[in-house]
Amino acid sequence: PVVLGIETSCDETGVGIVRGQTLLANVIASSMDEHARYGGVVPEVAARAHLEAMNPTLQAALDEAGIGLDEIDAIAVTSGPGLSGALMVGVGAAKALSVATGKPLYAVNHLVGHVGADVLAADSLEYPTIALLVSGGHTSLLLVRDLVGDVELLGETIDDAAGEAFDKVARVLGLPYPGGPQIDRVAVGGDPKAIHFPRGLMHAKDAEKHRYDFSFSGLKTAVARWVERAGDAGDEIPVADVAASFREAVVDVLLTKAFRACADHGIPRLLLGGGVVANARVREVAAERAAAQGVTLRIPPLSLCTDNGAMIAALGAQLITAGHRPSGLGFGADSTLPVTEIQVDERPF
Ligand code: ATP
Ligand code: MG
Ligand code: FE
Numbered sequence: 008p009v010v011l012g013i014e015t016s017c018d019e020t021g022v023g024i025v026r027g028q029t030l031l032a033n034v035i036a037s038s039m040d041e042h043a044r045y046g047g048v049v050p051e052v053a054a055r056a057h058l059e060a061m062n063p064t065l066q067a068a069l070d071e072a073g074i075g076l077d078e079i080d081a082i083a084v085t086s087g088p089g090l091s092g093a094l095m096v097g098v099g100a101a102k103a104l105s106v107a108t109g110k111p112l113y114a115v116n117h118l119v120g121h122v123g124a125d126v127l128a129a130d131s132l133e134y135p136t137i138a139l140l141v142s143g144g145h146t147s148l149l150l151v152r153d154l155v156g157d158v159e160l161l162g163e164t165i166d167d168a169a170g171e172a173f174d175k176v177a178r179v180l181g182l183p184y185p186g187g188p189q190i191d192r193v194a195v196g197g198d199p200k201a202i203h204f205p206r207g208l209m210h211a212k213d214a215e216k217h218r219y220d221f222s223f224s225g226l227k228t229a230v231a232r233w234v235e236r237a238g239d240a241g242d243e244i245p246v247a248d249v250a251a252s253f254r255e256a257v258v259d260v261l262l263t264k265a266f267r268a269c270a271d272h273g274i275p276r277l278l279l280g281g282g283v284v285a286n287a288r289v290r291e292v293a294a295e296r297a298a299a300q301g302v303t304l305r306i307p308p309l310s311l312c313t314d315n316g317a318m319i320a321a322l323g324a325q326l327i328t329a330g331h332r333p334s335g336l337g338f339g340a341d342s343t344l345p346v347t348e349i350q351v352d353e354r355p356f
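In full-length UniProt numbering, the protein residues as written are 8 to 356.
Rendered as structure tokens:
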């Protein structure tokens with residue numbers, strides 16, 4: 008089926024179009040620059056930006072795919088999780104489009120969409136698979152037995168998301184937003200072993216209860232204290248070493264837990280998604296550990312890793328192919344939609 012997907016959960020207005028597992032268009036308008044002066048995404052600003060970007064992005068996606076609205080079989084939209092005001096813009100647009108065109112509507116889960124994106128990049132994904140999704144808003148470890156039927160949350164962050172930690176630490180180092188790419192840039196030439204920063208929830212006392220959970224707020228505070236102390240002592244801050252050591256701590260925790268999940272569950276497959284996957288060290292260490300542990304690693308191209316509409320369209324197409332019925336119009340934006348709810352408000356037979 009030809010499916011148009013709409014994504015507005017955070018600061019990207021994304022409209023994508025797929026035909027089955029083939030990508031036809033993926034257009035993204037980001038309001039990231041507008042959030043830079045605040046050092047993080049401001050919900051009100053994001054929602055307003057979605058309103059302005061929605062129609063032009065929709066038209067640009069149709070143009071890119073070279074098709075008209077009449078050639079679309081269905082519409083898919085992110086219902087949650089994400090920022091309420093931001094989600095509402097996409098949900099409203101998708102409902103209006105569905106009513107106006109008479110095309111069926113599928114309301115889907117953003118996180119599961121990140122997993123669904125992978126089929127657009129490569130051959131079909133094999134299940135079960137472990138998936139690690141890391142961005143500015145989420146850090147989640149999933150066990151996906153069936154993309155359209157059975158997704159389990161193994162663990163998630165209990166405080167800051169990993170991308171958020173990158174953004175906050177960059178700020179401490181006087182680097183601009185978004186911090187991830189900046190940390191990557193200045194870490195080149197730094198010694199990742201120069202400073203030993205804490206690895207959250209890795210120690211024996213939390214090992215069992217939080218076996219697959221993450222915590223990055225202690226790490227962020229530790230870096231801030233270290234930099235402050237060095238400043239008080241009148242030392243020049245070794246920015247490259249701090250950045251490399253911080254990055255190493257994040258990457259170590261993320262991948263230790265992801266590969267642990269693969270080993271525990273006997274699943275030799277790991278999929279990575281989310282903006283933090285752009286990180287050079289994440290990619291390097293993931294490849295090393297995958298080879299050592301005999302795990303097949305899948306990392307979609309970055310345009311499909313960060314928030315986008317094509318992944319929502321791809322999930323919608325897979326729901327249709329699997330025989331799911333469309334959603335009604337009763338659903339709304341659900342900022343805390345659990346990952347187990349792959350599709351919401353599916354109409355009864
Ligand atoms: P959501 O959480 O809803 O997916 P988001 O806008 O935070 O929304 P993305 O746009 O996928 O998600 O990711 C942005 C985050 O990724 C930012 O926190 C940014 O710092 C981080 N990031 C981007 N590039 C890198 C990098 N090279 N290294 C580490 N983090 C990075
Ligand atoms: Mg974003
Ligand atoms: Fe996301």
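Glycine residues also receive a C-beta, built at the ideal position from the N, C-alpha and C atoms. Keep in mind the model is a prediction, meaning the values are calculated, not measured.
* In terms of alpha-carbon separation, which member of T347, S147 and G335 lies closest to D153? -> T347
* Asked: Can we count D40 as close to ligand 2, meaning its CB is less than 7 Å from some heavy atom?
  -> no
* Asked: What span of residues does the beta strand (DSSP E) with E51 cover, start to end?
  -> First-last for E51: P50 to A72, but that is the alpha helix (DSSP H), not the beta strand (DSSP E).
* Are there three or more Cβ pairs, one per stretch, closer than 8 Å when the segment 296-304 is compared with the segment 268-287? -> yes
* Asked: Are three or more beta carbon pairs between the segment 18-28 and the segment 115-122 nearer than 8 Å?
  -> no
* Quick one: measure Cβ to Cβ for V260 and F221, integer angstroms, because I've assumed they're closer than 8 Å. => 6 Å
* Neighbourhood of V34 by C-beta, 8 Å cutoff - its chain only, sequence neighbours within 5 removed -> G21, V22, G23, T64, A67, A68, E71 and G316
* Distance cut-off 7 Å: C17 Cβ against heavy atoms of ligand 1 -> yes
* Counting pairs of beta carbons, one from the segment 199-217 and one from the segment 246-256, are three or more of them closer than 8 Å? -> yes
* To do: In the DSSP assignment, find the unbroken beta strand (DSSP E) run with R232 in it and report its ends.
  => Counting along the chain, R232 falls outside any beta strand (DSSP E), though it belongs to the alpha helix (DSSP H) covering S224 to D239.
* Check each candidate in F253, R254 and W233 and name the one with the smallest Cα separation from L244. => According to the sequence provided, residue 244 is Ile. The question's Leu does not apply to it. Out of F253, R254 and W233, W233 has the C-alpha closest to the C-alpha of I244.
* Asked: For I202, which three-state DSSP category applies?
  -> coil
* **Close beta carbons around V151, own chain, < 7 Å, minus the five adjacent residues each side** => V122, Y134, P135, T136, A138 and V158
* Among all the DSSP beta bridges, which residues are the ones paired with Y113? -> A83
* Compute every distance between the C-beta of G142 and the non-hydrogen atoms of ligand 3, then say whether any falls below 7 Å. => The residue asked about is misnamed: residue 142 is Ser in this sequence, not Gly. Result yes, Cβ under 7 Å from ligand 3.
* To do: With a threshold of 16 other CB atoms inside 10 Å of the CB of N62, please say whether the residue is buried or exposed.
  => exposed
* Of the listed residues Q350, D174 and A194, nearest to S224 (C-alpha basis) -> D174
* To do: Verify the contact flag: D70, CB atom, against every heavy atom of ligand 2, threshold strictly below 7 Å.
  => no
* CB of H57 to nearest heavy atom of ligand 3: below 7 Å? -> no
* **Counted within 10 angstroms of its Cβ, other Cβ atoms place T29 as buried (16 or more) or exposed** => exposed
* With DSSP as the reference, label F253 as helix, strand or coil. => helix
* Find out if the Cβ-Cβ distance for the pair I13, A101 is shorter than 8 Å. => yes
* Can you check whether the CB of G337 is closer than 8 Å to the CB of G143? -> no
* Asked: Taking the runs of the alpha helix (DSSP H) that are 4 residues or longer, which of them lie wholly in the segment 256-302?
  -> 287-300
* **Distance between G280 and C312 (C-alpha atoms, nearest Å)** => 5 Å
* Pull up the CB-CB distance for E163 and L148, whole angstroms please, since I reckon it's below 8 Å. => 7 Å
* Count the other C-beta atoms from every protein chain shown that fall within 10 angstroms of the C-beta of H42, then say buried if there are 16 or more, exposed otherwise. => buried
* To do: Verify the contact flag: G281, CB atom, against every heavy atom of ligand 3, threshold strictly below 7 Å.
  => yes
* Asked: So who's on the other strand from E353, going by DSSP bridges?
  -> S334
* To do: Go through its chain and collect everything with a Cβ distance to G238's Cβ below 8 Å, but skip five positions before and after it.
  => I244
* Below 8 Å on the Cβ atoms is my guess for I79 versus L112; work out the distance and round it to an integer in Å. => Wrong, their Cβ atoms sit about 11 Å apart, outside the cutoff.
* DSSP three-state call for G170: helix, strand or coil? -> helix
* Asked: According to DSSP, is L90 helix, strand or coil?
  -> coil
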